[in-house]
Amino acid sequence: MSDTGINASKPEGVTGIQVPVQKSDDEWRSELTPAEYQVLRKAGTERPYTGEYWDTKTEGVYACRACGAELFTSNEKFDSHCGWPSFFAPLAEGTVRYLHDRSMGMDRIEVRCANCDSHMGHLFEGEGFNTPTDQRFCINSISIKLVPKDTDGN
Numbered sequence: 720m721s722d723t724g725i726n727a728s729k730p731e732g733v734t735g736i737q738v739p740v741q742k743s744d745d746e747w748r749s750e751l752t753p754a755e756y757q758v759l760r761k762a763g764t765e766r767p768y769t770g771e772y773w774d775t776k777t778e779g780v781y782a783c784r785a786c787g788a789e790l791f792t793s794n795e796k797f798d799s800h801c802g803w804p805s806f807f808a809p810l811a812e813g814t815v816r817y818l819h820d821r822s823m824g825m826d827r828i829e830v831r832c833a834n835c836d837s838h839m840g841h842l843f844e845g846e847g848f849n850t851p852t853d854q855r856f857c858i859n860s861i862s863i864k865l866v867p868k869d870t871d872g873n
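Structure, rendered in structure tokens:
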């Protein structure tokens, strides 16, 4: 665990990915806080129940904190009692990409922003949640930014 309180472990097989937003490591470091950089660019994980959005009920769209791409909405957010924001589906097909993650002695599916390749969290399936997909996108609050729905409903 780093001094930011975030576990970090780069998953296997992450090389040569072509995404629309490409920046150097120095550029990402200058644009992100150390904690954001650790999670978004080094596949870290924030501690449960500490993130900004784990229990919010605010309506809106959740965008990638690194590049601003819209990834999830409050319509798909649900309370999984896991300590991180949980969604049963992304905003649209192709907004996120999936990687087989064997880090930390586990076999998981990593979720990344399809626009900039930033780490969002992990996808878990078959846990029995009463959702349309029986999937839980367990997303780090620090990886996303909520854009609240305005009073006009937009």
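Everything in the sequence shown is counted per our numbering, starting at 720 for the first residue and increasing by one. C-beta atoms are modelled at their ideal positions from N, C-alpha and C, and glycine is treated no differently. Values in this document were obtained by computation on a predicted structure and should not be read as measured data.
What does the Cβ neighbour count give for H800, buried or exposed, with the cut at 16 atoms within 10 Å?
Locating residue 800 in the sequence shown gives position 81, where the first residue counts as 1. It counts as exposed.
With C-beta atoms as the reference, is I863 less than 8 Å away from L842?
Counting from one through the sequence shown, the residue named residue 863 turns up at place 144. Counting from one through the sequence shown, the residue named residue 842 turns up at place 123. No; because the gap between Cβ atoms is not below 8 Å, this pair is not in contact.
Taking just the CA atoms, how far does V738 sit from P867?
On the sequence shown, position 148 is the one that residue 867 refers to. On the sequence shown, position 19 is the one that residue 738 refers to. Their Cα atoms are separated by approximately 27 Å.
Please indicate yes or no: does the CB of D826 lie closer than 7 Å to some heavy atom of the ligand MN?
Only the bare structure without any ligand can be found here, which leaves the ligand MN out of the picture.
Quick test of your reading: F675 and S805, contact by CB under 8 Å. State the CB separation rounded to the nearest angstrom.
With the chain covering 720 to 873 only, the question about residue 675 has no answer from this structure.
Counting only the same chain and skipping the five closest in sequence on each side, list residues whose C-beta sits under 6 Å from that of A808.
Position 89 of the sequence shown, counting from 1, holds the residue named residue 808. Closer than 6 Å at Cβ, skipping near neighbours: E795 and T852.
Compute the Euclidean distance between the alpha carbons of H819 and T777, then round it to the nearest angstrom.
As a first step, residue 819 is located in the sequence shown; it is residue number 100 there, counting from the start. As a first step, residue 777 is located in the sequence shown; it is residue number 58 there, counting from the start. Cα to Cα, the separation comes out at about 31 Å.
By Cβ distance, which residues of its chain are closer than 8 Å to P767, with the 5 residues on each side in sequence left out?
Here residue 767 refers to the residue found at position 48 of the sequence shown. Cβ neighbours of P767 beyond the five flanking positions: W773, C801, G802 and W803.
Taking the alpha-carbon positions, what's the A811 to D745 distance?
If you number the sequence shown from 1, residue 811 lands on position 92. If you number the sequence shown from 1, residue 745 lands on position 26. Spanning the two alpha carbons is a distance of roughly 31 Å.
Under the three-state reduction of DSSP, which class applies to R831: helix, strand or coil?
Translated into the one-based positions of the sequence shown, residue 831 becomes position 112. Strand, per DSSP.
What did DSSP end up calling Y768 once you bin it into helix, strand or coil?
Sequence index remark: in the sequence shown, residue 768 carries index 49 (1-based). Reduced to three states, the DSSP call for Y768 is coil.
Using C-beta distances below 8 Å, list every residue in its chain close to R831, excluding the 5 sequence neighbours before and after it, in chain order.
Along the sequence shown, read from residue 1 onward, the residue named residue 831 stands at position 112. Cβ neighbours of R831 beyond the five flanking positions: V815, R816, Y817, L818, S837, H838 and M839.
Between the Cα of S860 and the Cα atoms of A782, Q854, K742 and W747, which residue gives the shortest distance?
The sequence position of residue 860 within the sequence shown is 141, counting from 1. Minimum Cα distance to S860 is reached at A782.
DSSP has F856 in a bridge; who is on the other side?
By 1-based counting over the sequence shown, the position of residue 856 is 137. BP columns for F856 point to F806 and L842.
Going by Cα to Cα distance, which pick from I858, E755, T764 and A754 is closest to S822?
Position 103 of the sequence shown, counting from 1, holds the residue named residue 822. Looking at the Cα atoms, T764 is the closest of the given residues.
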